[in-house]
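Report on one structure; see the data block that follows.
In my numbering, the protein residues as written are 3 to 632.
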């Protein structure tokens with residue numbers, strides 16, 4: 003037995019060391035690739051060189067065994083401190099929660115690009131939610147929207163500001179709940195510290211940094227659900243609370259339903275002593291059979307109910323209705339992005355790396371490497387594997403156009419189950435290891451790699467860094483699933499306050515993407531159009547005209563670019579050309595229903611000025627009338 007333990011310790015230490023080096027290497031390489039497929043781990047690419055080096059060196063030092071063994075001893079000593087009474091402890095936790103709220107709000111996300119802020123606020127402005135809406139199946143997140151709307155109304159707050167406050171307050175609540183949970187766990191101080199590291203360094207915590215969307219409260223509900231489940235497996239009577247949180251969570255967001263298989267497993271687990279016949283449903287073979295049956299049903303629904311395997315039209319309405327990614331795509335390479343393409347597998351992996359801490363990846367991979375020494379049939383592990391599995395399947399099949407890498411929050415709840423799985427596995431790893439040095443090494447490495455991943459919170463709170471990151475992920479989106487890429491890129495580049503820097507970035511982006519373009523190419527057309535607008539605003543009409551023309555080359559139906567050409571012709575006193583362009587534009591856009599009344603005015607101006615020019619009116623008088631044009 004002792005030799006077996008020694009083999010495990012050596013195996014564990016080798017796995018940790020190898021993975022630590024691999025994670026550092028991955029983050030280092032990706033720090034030079036801001037617009038590559040490594041968008042989930044390229045955080046350092048948006049820091050200055052000296053900042054990047056400092057973070058990497060600090061991570062390396064924190065993970066070295068001779069250093070980690072020293073500061074872990076201090077952490078263990080502090081962790082053994084017991085307050086004199088419960089009131090003191092409660093006050094301490096509340097102070098931590100308040101400080102957490104302050105930090106989350108201060109470093110709130112510096113762009114509205116993440117999530118769907120504009121659509122969400124428009125929806126809330128146009129509909130008054132009531133208590134009865136909670137029972138309506140037509141809305142997927144009625145309780146979340148009711149809470150935010152009622153708070154905004156009661157305190158007379160701006161709706162966006164209300165979302166930011168609720169997000170940050172949820173972060174403070176998360177900290178308090180986490181500390182209470184960890185304190186009441188049975189385990190070593192070093193393991194409890196590891197739980198805190200995992201929980202605080204996960205990318206999903208961006209939900210607490212003033213995030214304006216519908217996923218913060220449901221994520222908090224999922225965390226509570228998993229905490230109660232942990233207590234159930236510890237022998238505490240918390241099943242009723244699990245069910246209550248589950249029911250409330252479904253109304254916070256329908257994605258909570260993915261926890262149903264795991265909840266059913268807990269119900270069977272709690273009831274098997276009272277009802278012995280249920281014991282057979284706890285057997286691994288039966289669980290696998292049931293899971294396989296649900297997968298068969300899901301596949302049938304995918305093909306025959308949703309008919310999601312292909313698009314008939316491919317417009318936004320069809321994409322929103324079918325939700326899932328098809329296995330057929332009419333777009334030419336490299337944009338033929340489907341459920342079975344390599345780019346999609348890569349994006350799903352990056353999504354998980356983005357929303358969980360690399361410490362979690364390190365623990366799970368170490369556990370897989372040491373699988374012979376761990377108990378994978380432990381009920382808690384089976385429960386968490388069920389939770390992870392159904393979230394992973396959902397994240398894999400959802401259409402990325404609706405989510406990653408911009409709107410990552412739809413897929414973020416999966417991180418909660420993965421985090422708890424890593425926590426459960428780490429308990430076995432630490433408990434199985436006979437060497438305290440292995441435990442300190444594991445925790446030290448987890449803290450080291452978490453330092454790197456936590457840099458995402460600083461990036462997204464800084465407008466300059468957030469702009470660069472949006473530009474980078476937009477470029478990768480163009481090279482992968484393509485849809486919406488120009489929107490992401492434009493928002494990032496528009497955030498750059500220096501106009502000359504913005505122009506340089508826009509030009510470089512277009513040049514970088516030209517090898518991946520097709521014809522027609524609506525995304526490249528939009529990028530040319532946005533560049534032309536910047537030139538037009540600086541009255542560089544020749545360059546603006548060139549880029550408007552390029553926009554029309556890549557998308558002849560780009561009406562905005564055509565209008566831009568007409569404006570330049572008007573400003574350049576080429577009234578005949580301006581009249582032709584606006585006449586054509588109005589026939590295409592404003593017939594039979596007027597959609598752009600301004601263009602009708604421009605056509606009238608062009609007609610009048612052309613007439614005055616033909617009548618040899620003084621150029622100064624013509625210029626005076628030109629200056630009256632908005």
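We treat Cβ as the ideally placed atom computed from N, Cα and C, and that holds for glycine.
Nothing here was measured: the structure is a model prediction, and the numbers come from that model.
Could you spell out the range, first to last residue, of the alpha helix (DSSP H) harbouring residue i?
{"i": "residue 172", "result": "161–185"}
{"i": "residue 204", "result": "Segment: none, residue 204 is in no alpha helix (DSSP H) and carries neither H nor E."}
{"i": "residue 438", "result": "438–455"}
{"i": "residue 580", "result": "577–591"}
{"i": "residue 430", "result": "416–434"}
{"i": "residue 555", "result": "543–556"}
{"i": "residue 132", "result": "Element bounds for residue 132: n/a, residue is neither H nor E."}
{"i": "residue 44", "result": "Premise fails: residue 44 is in no alpha helix (DSSP H) and is neither H nor E."}
{"i": "residue 354", "result": "344–357"}
With DSSP as the reference, label residue i as helix, strand or coil.
{"i": "residue 156", "result": "helix"}
{"i": "residue 325", "result": "coil"}
{"i": "residue 400", "result": "strand"}
{"i": "residue 309", "result": "coil"}
{"i": "residue 91", "result": "helix"}
{"i": "residue 372", "result": "coil"}
{"i": "residue 34", "result": "coil"}
{"i": "residue 273", "result": "helix"}
{"i": "residue 339", "result": "coil"}
{"i": "residue 193", "result": "helix"}
{"i": "residue 229", "result": "helix"}
{"i": "residue 3", "result": "Per-residue confidence for residue 3 stands at a pLDDT of 45, beneath the threshold of 50, marking its modelled position as unreliable; the derived number appears in the next sentence. Residue 3: coil per DSSP, three-state reduction."}
{"i": "residue 139", "result": "coil"}
{"i": "residue 527", "result": "helix"}
{"i": "residue 253", "result": "helix"}
{"i": "residue 496", "result": "helix"}
Within its chain, find whatever has a CB closer than 8 Å to the CB of residue i; leave out the 5 residues flanking it on each side and keep chain order.
{"i": "residue 558", "result": "522"}
{"i": "residue 334", "result": "520"}
{"i": "residue 250", "result": "145 and 223"}
{"i": "residue 18", "result": "364, 368, 440, 443, 444 and 447"}
Which same chain residues end up closer than 6 Å to residue i when comparing Cβ atoms and leaving out the 5 residues on each side of it in sequence?
{"i": "residue 16", "result": "none"}
{"i": "residue 455", "result": "203, 359 and 360"}
{"i": "residue 390", "result": "419, 420 and 423"}
{"i": "residue 281", "result": "274"}
{"i": "residue 32", "result": "40, 43 and 44"}
{"i": "residue 527", "result": "553, 556, 557 and 560"}
Decide if residue i is buried, meaning its Cβ has at least 16 other Cβ atoms within 10 Å, or exposed.
{"i": "residue 397", "result": "buried"}
{"i": "residue 539", "result": "exposed"}
{"i": "residue 86", "result": "exposed"}
{"i": "residue 8", "result": "exposed"}
{"i": "residue 158", "result": "exposed"}
{"i": "residue 332", "result": "exposed"}
{"i": "residue 588", "result": "buried"}
{"i": "residue 322", "result": "exposed"}
{"i": "residue 3", "result": "The predicted position of residue 3 is uncertain, since its pLDDT is 45 and thus under 50; no value can be drawn from it."}
{"i": "residue 147", "result": "buried"}
{"i": "residue 494", "result": "buried"}
{"i": "residue 291", "result": "exposed"}
{"i": "residue 377", "result": "exposed"}
{"i": "residue 635", "result": "Residue 635 cannot be examined here, being either before or after the span of the chain that is shown, 3 to 632."}
{"i": "residue 544", "result": "exposed"}
Once the 5 residues before and after residue i are set aside, which same chain residues still bring their CB inside 7 Å of it?
{"i": "residue 99", "result": "174, 175, 177 and 178"}
{"i": "residue 74", "result": "192, 442, 445 and 446"}
{"i": "residue 257", "result": "220 and 415"}
{"i": "residue 253", "result": "136, 144 and 145"}
{"i": "residue 350", "result": "397 and 398"}
{"i": "residue 28", "result": "43"}
{"i": "residue 336", "result": "481 and 518"}
Can the beta-carbon of residue i be found closer than 8 Å to that of residue j?
{"i": "residue 400", "j": "residue 413", "result": "yes"}
{"i": "residue 206", "j": "residue 221", "result": "yes"}
{"i": "residue 617", "j": "residue 585", "result": "no"}
{"i": "residue 548", "j": "residue 518", "result": "no"}
{"i": "residue 329", "j": "residue 344", "result": "no"}
{"i": "residue 255", "j": "residue 88", "result": "no"}
{"i": "residue 56", "j": "residue 47", "result": "no"}
{"i": "residue 553", "j": "residue 534", "result": "yes"}
{"i": "residue 231", "j": "residue 184", "result": "no"}
{"i": "residue 530", "j": "residue 556", "result": "yes"}
{"i": "residue 210", "j": "residue 106", "result": "yes"}
{"i": "residue 165", "j": "residue 381", "result": "no"}
{"i": "residue 132", "j": "residue 214", "result": "no"}
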